[in-house]
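Protein chains in written order, with this note's numbering: chain U, 2 to 256; chain V, 797 to 1011. Glycine is no exception: its CB is placed at the ideal position from the N, C-alpha and C atoms. Because the structure is a prediction, the values reported are computed rather than measured. Reading through the structure tokens given below for one structure.
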Amino acid sequence: MLEHLELFFKSIFIDNMVFAVFLGMCSYLAVSKKVATAVGLGAAVIFVLGVTVPLNWLLDQYILQEGALVWLGPEYADYDLSFLSFIMFIATIATMVQLVEIVVEKFSPALYNSLGIFLPLIAVNCAILGGSLFMQAREIPSLALAFNYGISSGIGWFLAILAIAAIREKIRYSNVPAPLRGLGITFIITGLMGIGFQSFGGMLTGGDEGADSPVPETAVRDIEVKEESEVPASEAEAEKKKEEVVISYNDALNK
Amino acid sequence: MALLTKKDANLIIDPLADNNPITIQVLGICSALAITAELKASVVMAISVIFVMGVGNVVISLMRNIIPSKIRIIVQLVVIAALVIVVDQVLKAFAYELSKTLAVFVGLIITNCIIMGRFEAFALGNGPWRSFLDGIGNALGYGVILIIVGFFRELLGSGTLFGYPVLGDPITKTGLYSIGYENNGFMILPPAALIVVGILIWVQRSRNTALIEEN
Chain U
2 MLEHLELFFK
12 SIFIDNMVFA
22 VFLGMCSYLA
32 VSKKVATAVG
42 LGAAVIFVLG
52 VTVPLNWLLD
62 QYILQEGALV
72 WLGPEYADYD
82 LSFLSFIMFI
92 ATIATMVQLV
102 EIVVEKFSPA
112 LYNSLGIFLP
122 LIAVNCAILG
132 GSLFMQAREI
142 PSLALAFNYG
152 ISSGIGWFLA
162 ILAIAAIREK
172 IRYSNVPAPL
182 RGLGITFIIT
192 GLMGIGFQSF
202 GGMLTGGDEG
212 ADSPVPETAV
222 RDIEVKEESE
232 VPASEAEAEK
242 KKEEVVISYN
252 DALNK
Chain V
797 MALLTKKDAN
807 LIIDPLADNN
817 PITIQVLGIC
827 SALAITAELK
837 ASVVMAISVI
847 FVMGVGNVVI
857 SLMRNIIPSK
867 IRIIVQLVVI
877 AALVIVVDQV
887 LKAFAYELSK
897 TLAVFVGLII
907 TNCIIMGRFE
917 AFALGNGPWR
927 SFLDGIGNAL
937 GYGVILIIVG
947 FFRELLGSGT
957 LFGYPVLGDP
967 ITKTGLYSIG
977 YENNGFMILP
987 PAALIVVGIL
997 IWVQRSRNTA
1007 LIEEN
């Protein structure tokens, strides 16, 4: 249970997809002009990551790893197909995205209308392939942890795009130097947010695990609860609070 | 340039500055930021992307009339993935240390949106030669930004270029360090890449005001 909790917070805050490893930046920059669309894309990313990471974990365990084919018979024990992982992973992702699109269109037209345009975009979102590749590189040991990793990385990405969309909606009324408008200022704000997220780095690694970890974890949980409770709030309110939360990350850490 | 007509030459020159894939088209940001802490990694990444873009654009352009449009994304991804596997295996064979630094980011060339973007926007509608030039041009534009960012981050962050100390030795205090200069450790951290690219965009748009966005 503890390892699940640890992986969950680690993937959301410390190894945040956007701020620590820069995955999914293209759609992060392109679709973050409005909070509503950002929420749609973020939800779709959580969903697709939650499906594809466990699937690719199974592929990796039973087909691609060195000696993984041993279940076919002892004569297959020497095969190492790991060089094929890129093509297998991306094929899984592309197929899953198409499949999800068809299923959602059939059974829930309302959800399809809100997610629809984003789904094809997701196949080429590097956060999705990155999720699978990091899962492989970090040798995540079990299917349940792989599922956890997919979902929590998705949540981390969701938080990031929600925060930047809220800030961009506000910044429209600010007097930004003309050459920085649009793309430039978004880059710099993301950089500043990234510095904030860097401070989570000591959360799970610093000091003795037993003595230190409970305290920061509860602090994070408070922020987490706060954020989850405000997502359903009305849009204008949500974005206002969102900015406060972004500031309070640093406050919470300084205390 | 006898081989190239003026129109063809523009395919290569345009993406280097005024239609740069990173600063103007906003494509391929992820890898541009993640691996630019060292100049060497940036150069290798740029070369890998030039190879994948050049060859991939030609292959897609040759197949453009037989790909059913409904499954074109999967076909494109498979073509890119096959090329990236070649790059990855070559790196592992000839530059093993470097392939460890680049780690999953070689794999992420597959989802580099520059490649998909140029396939969709150019290779599907143009012949192989023009597609090849477009691919090389865009990959060069991407490479230029990568190398500029890598140059500043490595120089200011660790005082080296390609791993060679150029500002003196920080431990024995020679060169610049003898007068109190310190490396800026912040430049090696991931957020610095974003800020460096932000400043590049700023500089580029103040020089060419036609590129300024509406608020």
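### Query
By a C-beta neighbour count over all protein chains shown, 10 Å radius and 16 as the cutoff for buried, is LYS803(V) buried or exposed?
exposed
### Task
Tell me, please, which residues DSSP counts as bridged to LEU957(V).
TYR960(V)
#### Entry: Interface positions of the region 165 to 185 of chain U facing chain V (Cβ-Cβ less than 7 Å), listed along the chain
ARG173, ALA179, PRO180, LEU181, ARG182, GLY183, LEU184, GLY185
#### Entry: Complete alpha helix (DSSP H) runs within the region 886 to 943 of chain V (minimum length 4 residues, chain order)
892 to 898, 900 to 903, 909 to 917
### Message
Quick check on PHE928(V): buried or exposed, where buried means 16 or more other Cβ atoms within 10 Å of its Cβ?
### Response
buried
### Task
Output the distance between the C-alpha atoms of LEU3(U) and GLY197(U), rounded to the nearest integer angstrom.
26 Å
### Task
Compare the Cα-Cα distances from ALA935(V) to each of LEU812(V), THR801(V), TYR892(V), ARG1001(V) and report the closest residue.
LEU812(V)
### Contacting residues, own chain, Cβ-Cβ under 6 Å from PHE14(U) (five flanking each side not counted)
PHE201
### Query
What residue from ILE997(V), PRO987(V), GLY994(V) has the CA that sits closest to PHE23(U)'s CA?
PRO987(V)
### Task
Evaluate the contact criterion for the region 912 to 926 of chain V versus the region 847 to 858 of chain V: three or more CB pairs, one atom per stretch, below 8 Å.
yes
### Message
Tell me which residues share the same chain as ASP884(V) and place their Cβ nearer than 6 Å to its Cβ, disregarding the 5 neighbours each side in the sequence.
### Response
VAL902
#### Entry: Residues of the region 909 to 930 of chain V whose Cβ lies closer than 8 Å to any Cβ of chain U, in chain order
CYS909, MET912
### Task
Would you give the residue range spanned by the alpha helix (DSSP H) that VAL46(U) belongs to?
36 to 60
### Query
Can at least three beta-carbon pairs, one atom from the region 971 to 991 of chain V and one from the region 871 to 882 of chain V, be found at a separation below 8 Å?
no
### Query
How is the alpha helix (DSSP H) around GLU140(U) delimited, first residue to last?
Careful: GLU140(U) lies outside any alpha helix (DSSP H) and carries neither H nor E.
#### Entry: Residue burial classification, TYR150(U) (beta-carbon count within 10 angstroms, cutoff 16)
buried
### Message
Suppose you measure from the CA of GLY132(U) to the CA of VAL854(V); what does that come to, to the nearest Å?
### Response
30 Å
### Query
Considering only the beta carbon of each residue, do CYS826(V) and GLY155(U) sit closer than 8 Å?
no
### Message
Any beta carbon from chain U within less than 8 Å of VAL848(V)'s own beta carbon?
### Response
no
### Query
Taking just the CA atoms, how far does THR191(U) sit from GLY971(V)?
35 Å
### Query
Counting contacts by CB-CB distance shorter than 8 Å, is THR53(U) in contact with chain V?
no
### Query
Grouping DSSP H, G and I as helix and E and B as strand, with all else coil, what is GLU67(U)?
coil
### Query
In chain order, what residues of the region 805 to 824 of chain V put their CB closer than 8 Å to some CB of chain U?
THR819, VAL822, LEU823, GLY824
### Message
Using only CA atoms, which one of LEU70(U), LYS34(U), TYR77(U), LEU60(U) lies nearest to MET89(U)?
### Response
LEU60(U)
### Query
When the cut-off is 8 Å and only beta carbons count, does LEU990(V) lie next to chain U?
yes
### Message
Counting only C-beta atoms, is VAL874(V) closer than 8 Å to chain U at any point?
### Response
yes
### Nearest-angstrom Cα separation, counted from ILE943(V) out to LEU835(V)
6 Å
#### Entry: Segment limits, alpha helix (DSSP H) that includes VAL854(V)
835 to 859
#### Entry: Beta carbon of MET849(V) nearer than 8 Å to that of GLY931(V)
yes
### Message
Quick test of the definition: if touching needs 3 or more C-beta pairs under 8 Å, does the region 959 to 969 of chain V touch the region 983 to 1003 of chain V?
### Response
no
### Query
Where does GLY183(U) fall in DSSP's three states?
coil
### Message
Against chain V, with Cβ distances strictly below 8 Å, would LEU50(U) count as a contact?
### Response
no
### Query
Is GLY933(V) closer than 8 Å to SER838(V) when the C-beta atoms are compared?
no
### Message
Less than 8 Å between CB atoms is the rule here; does THR38(U) satisfy it with respect to chain V?
### Response
no
### Task
Taking all protein chains shown into account, decide if LEU11(U) is buried (16 or more other Cβ within 10 angstroms of its Cβ) or exposed.
Note that residue 11(U) is Lys in the sequence shown, not Leu. Answer is buried; the Cβ neighbour count reaches 16.
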